[in-house]
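Chains as they are written, first to last, in this note's numbering: chain U, 1 to 521; chain A, 1001 to 1521.
Yeah, the Cβ is synthetic: ideal placement off N, Cα and C, and Gly gets one too.
Source: prediction; values computed, not measured.
Worksheet: the structure to be examined is printed underneath.
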């Protein structure tokens, strides 16, 4: 038992599985960037075949046999002491992947993939036509598939057992099953507790801000030629230290980061000539994701351990670079002259301070991706509440558009006029991704809690940012976060770094401090 | 027997195999266009895994069992009359693929793939450093693998049998085995016979041209900004009728065409600011390849029949568009004003006739890809002679650089100074592609022989080109060539169209006619 041989086979299976996943990532990246319209259908077939083969590799009987042979994961998270720590972490993670995969019948997986394809296409049409009815049947199907998936993963059963024993809430637990896929170890009741405080304090901060005069951001309403935006963004990537030997920037309808290989991490952005900030902050945001992916150490590369600890941890990194660094005063003091060089006419009479104030204007918007740092999390809490109820069966999908409007009024104080700018604005549900949204807001929490420790270790943090010595920050993040890959669950990782459990306070302290100074109260 | 069921299974295997091949094409396209340098190694692993899986799918025992069950291919090329013609052609082609694949041991295939990767990398370095010695060991390995491959395919054995019976030349037959992979049914002795006439008449044509004053092509020596070259090439694609909904143009170090799907045919080109013609004629050439791939009919798409009849047939199409159409007088009479619009300063005092004369300047060059229409085939004949002798073991790889120089002097009347511009100029041998080169010259022959028939069917051919009514030509080619995919072998296809076997005369008549008029003798 625990001999080298079966473990070797498991590593081989894992390497091939990961390699096929990266191959699929190439196809997906191409789909979002350069695929001609005629190729869409066949690309879906190629991806389905590839995903099917990858799935088969992972769930082949050999994997199950070896995992059984190597024993079950002990309660002690660092496991059996006869194996090196890295191998124990490998076993823990591959077992988790295997369990998740093997529990889903192949027919279910391919039916879900097909349905997601149709659903996304319907969502695109529905959003274009501002017609929720076109999307409704697909939304229902996506909800059914999501519930079914959580049931296959055993969350339905577990819930039923709890129902019997404790009279628990079955539906809630199905949603927990979905959450767990993105945020291992996190439950909806924990999130609910964090989000309650978050909502209260952010709402009260928003109230105060509304009473103050806004900064002058009128200069952002100019036309910023896309070629020059693109040229500046290339500069910013270099300035942040993005290694072009191991990645690149392209354009897609929705910005994203993807790993096509351990040394091939690609980010995308999009440009609007009437919006300088959208393309720019997407590049900084996605660079943050890319740094995480680039930072996995050699021994994890090409294995299941070369992954973020969770969606939220990943988001903590993108949001750290985008907001904490990228929307900070020292950053723009240093960068603004570079930006003004690209737009000498448009920005001639301005300075870094004015730009800093403008990019931090708080102005609640109907659109999540346009939201400022203060109201952003409210968009997420709204979606969390709605998707929890959709999966729980407490909210009929038919009623979603009107409930969405009610929530938007209640959470953001805004009147949502169209469904296209309301319930249809995000792609997530159309892809069957329920339980994903909370990651965005949790990412803010993780990021700022981690920053507190970073500032203790690098007391000259502000100067570091002002002087563009990002390598120092990168090294700290690499040592604290990146090098672990997904060996630790997000909670463990945070405990490791800060000695604390996840809290809303560092984020709220940061945001209240920053915006009370900016708005002068 | 011959029931629908096994045939259905065979179709399923074929569809998956083709789908995996297209997937690999996505990875290769990306490798040549956008892959960051860091991703090179892992991409090679991804491709090796994918090719391995595709290979396994094709050679699984089921394929062999079904092929055996469905009987062997009858001598009559149209086969067993109880099956529809399309199914018989499918069986013929998949059997050929299966036989080729199953005869190569998996270990050999993966060892060859790895060695090709190393060899290509060594060739890049060797060419960069003008150092043949760096490449020599890899060239030897490539020759060994090529010989071994032909032996696995049974050409060694067949040759040995012939040796016994007829005292034939074993080595020659190994090379025939390699040729056959690119040009089904063609032998090196047939090619040798065609090339002998070709060489004689082209050499004598070159002699005559050398005595005449060259056209004025000095204006081509200007600087042509790459952005404007690119803009014009996009226009030319549209003018030729390239369907952007089903394909696209990108940039790579070496121009190529690849099918990433039935409706996703991509071409590439490269730009040099001091060479207007290189990027431009590459686009027209690759568009010719793309039209062929785009023209396969619905019933062949996604199957092994959606392929060119042979490398040479494919090349006949690219060369038809590049040379016969793209370097013709009526074409430039019509297009030149469009080109001058993009380069008003550079081309202001010129007209279509002057441009036509300049792009057809005959000027033997050391570099194959820079060669004019007259000397091009001589480059090919040279390579054919050398690779035949390399595979046959009559030429020691060590002696290749000096023999290359001798041949260059003899065939082209040029002194080759460096190996980088000599024996190291082409990638083919570094990839183990022996037997590929003849396709280029055979393509010229096929193309012009087919043109004779096209002109009979479309007597207004010249006007058609002058008026840019390329849809008429496309439709004729679709009906005559494209729609067959690889259902017919190249010889059959040519017979089908022209009623004749392959001949050098149409090409030589065309080229002697065109250049005696141009050079005035």
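Given residue i as reference, the closest of the options once Cα atoms are compared
| i | options | result |
| --- | --- | --- |
| residue 1355 of chain A | A/1398, A/1044, A/1330 and A/1113 | A/1330 |
| residue 1441 of chain A | A/1313, A/1464 and A/1342 | A/1313 |
| residue 377 of chain U | U/206, U/114 and U/325 | U/206 |
| residue 362 of chain U | U/292, U/368, U/374 and U/351 | U/374 |
| residue 1310 of chain A | A/1467, A/1217, A/1033 and A/1435 | A/1435 |
| residue 1288 of chain A | A/1300, A/1187, A/1270 and A/1308 | A/1308 |
| residue 1335 of chain A | A/1240, A/1393 and A/1230 | A/1240 |
| residue 1045 of chain A | U/484, U/23 and U/107 | U/23 |
| residue 1301 of chain A | A/1259, A/1328, A/1230 and A/1338 | A/1259 |
| residue 1522 of chain A | A/1119, A/1342 and A/1325 | Summary: the structure shown does not reach residue 1522 of chain A, with chain A confined to residues 1001 through 1521, and so no result is reported for it. |
| residue 1390 of chain A | A/1425, A/1349, A/1030 and A/1433 | A/1433 |
| residue 1295 of chain A | A/1477, A/1421, A/1420 and A/1337 | A/1477 |
| residue 1318 of chain A | A/1036, A/1474 and A/1483 | A/1474 |
| residue 150 of chain U | U/253, U/345 and U/109 | U/109 |
| residue 1232 of chain A | A/1058, A/1212 and A/1277 | A/1277 |
| residue 1271 of chain A | A/1237, A/1053 and A/1223 | A/1223 |
| residue 1125 of chain A | A/1297, A/1229 and A/1420 | A/1420 |
| residue 52 of chain U | U/113, U/36 and U/431 | U/113 |
| residue 1431 of chain A | A/1351, A/1111, A/1320 and A/1119 | A/1119 |
| residue 1148 of chain A | A/1512, A/1175, A/1019 and A/1137 | A/1175 |
| residue 1181 of chain A | A/1192, A/1210 and A/1146 | A/1146 |
Beta-carbon proximity check, residue i vs residue j, cutoff 8 Å
| i | j | result |
| --- | --- | --- |
| residue 1453 of chain A | residue 1497 of chain A | yes |
| residue 255 of chain U | residue 293 of chain U | no |
| residue 34 of chain U | residue 1248 of chain A | yes |
| residue 1459 of chain A | residue 1143 of chain A | no |
| residue 70 of chain U | residue 299 of chain U | no |
| residue 1153 of chain A | residue 1092 of chain A | no |
| residue 264 of chain U | residue 1279 of chain A | no |
| residue 194 of chain U | residue 486 of chain U | no |
| residue 1494 of chain A | residue 1502 of chain A | yes |
| residue 504 of chain U | residue 198 of chain U | yes |
| residue 273 of chain U | residue 225 of chain U | yes |
| residue 1027 of chain A | residue 1010 of chain A | no |
| residue 1338 of chain A | residue 1456 of chain A | no |
| residue 448 of chain U | residue 506 of chain U | yes |
| residue 1134 of chain A | residue 1122 of chain A | yes |
| residue 1395 of chain A | residue 1403 of chain A | yes |
| residue 303 of chain U | residue 14 of chain U | yes |
| residue 528 of chain U | residue 250 of chain U | The structure shown has nothing for residue 528 of chain U, since chain U only spans 1 to 521. |
Beta bridge counterpart(s) of residue i as assigned by DSSP
| i | result |
| --- | --- |
| residue 1267 of chain A | A/1249 and A/1257 |
| residue 272 of chain U | U/275 |
Cβ distance (whole Å) where residue i is taken to contact residue j below 8 Å
| i | j | result |
| --- | --- | --- |
| residue 1388 of chain A | residue 1188 of chain A | 6 Å |
| residue 155 of chain U | residue 128 of chain U | No, residue 155 of chain U and residue 128 of chain U are not in contact; Cβ-Cβ is about 35 Å, not under 8 Å. |
| residue 1067 of chain A | residue 1017 of chain A | Rounded, the Cβ-Cβ distance is 14 Å, inconsistent with contact. |
| residue 218 of chain U | residue 315 of chain U | Contact doesn't hold; Cβ gap of about 31 Å is too wide. |
| residue 1322 of chain A | residue 1284 of chain A | 5 Å |
| residue 1130 of chain A | residue 1464 of chain A | With a Cβ gap of about 47 Å, residue 1130 of chain A and residue 1464 of chain A do not count as contacting. |
| residue 111 of chain U | residue 58 of chain U | 19 Å between Cβ atoms; not a contact. |
| residue 32 of chain U | residue 54 of chain U | Residue 32 of chain U to residue 54 of chain U, Cβ: 19 Å. No contact. |
| residue 213 of chain U | residue 483 of chain U | So it is not a contact: roughly 46 Å between Cβ atoms. |
Near the ligand GTP: residue i beta-carbon under 7 Å from a heavy atom
| i | result |
| --- | --- |
| residue 1396 of chain A | Absence of the ligand GTP is noted for the structure shown, with no ligands found whatsoever. |
CB contact check: residue i to chain B, cutoff 8 Å
| i | result |
| --- | --- |
| residue 46 of chain U | Included in the structure are the protein chains U and A, with no chain B among them. |
Please specify which runs of the alpha helix (DSSP H), each continuous and at least 4 residues long, are wholly inside the stretch 311-381 of chain U, giving them in chain order.
311-319, 329-342 and 352-359
At 4 residues or longer, and completely inside the stretch 8-70 of chain U: list those alpha helix (DSSP H) runs for me, N to C.
40-59 and 61-69
Restricting to runs no shorter than 4 residues, where is the alpha helix (DSSP H) found entirely within the stretch 1446-1477 of chain A?
1461-1466
My parser needs the alpha helix (DSSP H) runs of 4 or more residues fully inside the stretch 400-454 of chain U; what are they?
400-412
Starting from the N-terminal side, write out each stretch of the alpha helix (DSSP H) that is 4 residues or longer and does not extend beyond the stretch 169-226 of chain U.
170-182 and 188-210
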